[in-house]
Amino acid sequence: MREEDEVCPQPGALWETCGALEEQLLPGSGGETLWSYWVVEEQWYRPELGWYPTCGLQVCRMTAEGRRMWGILHDVAVERRLVQELAARFCRCGLSPTHLRDVVEDLLP
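No gaps in the numbering here: position 68 of the sequence shown is 67 in numbering that gives the first Met the number 0, and each next residue is one more.
Given below as structure tokens:
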């Protein structure tokens, strides 16, 4: 699940992040955040459903060189707003990606 060479994309049409939170925490506030969670829009196919839009969570780690992709949890939910709320919560709480899958499974209906 780890791809250290890939750089996380900048926020844009397909990406959402807790960037404002990172800006508040990183510049010498004493509360550094190591992980950021991004919403990525995807298209998935299942034989019983066909093609459908869905959202996943991309995890990035802050390094001296900037954000680096750590991994992706695909097909979290079809509701973008729900995945955005999860990403914001995980950023606020400083969730370690080690626990990402378990926490997502516990929080989703």
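By construction, the Cβ of each residue, glycine as well, lies at the ideal position given by its N, Cα and C atoms.
Sufficient close CB pairs (3 or more, under 8 Å) joining the region 32-50 to the region 67-87: Contact holds: three or more Cβ-Cβ distances are below 8 Å.
Taking Cβ positions, are Cys59 and Arg79 nearer each other than 7 Å? For Cys59 and Arg79, no; Cβs fall outside 7 Å.
On the DSSP letters alone, give me the boundaries of the beta strand (DSSP E) that Leu72 sits inside. Element bounds for Leu72: Gly65 to Ala76.
Nearest residue (CA-CA) to Glu64, options Pro52, Leu33 and Cys92: Glu64 has its Cα closest to that of Leu33, out of Pro52, Leu33 and Cys92.
I need the DSSP call for Leu94, collapsed to helix, strand or coil. Here DSSP, grouped into helix, strand and coil, assigns Leu94 to coil.
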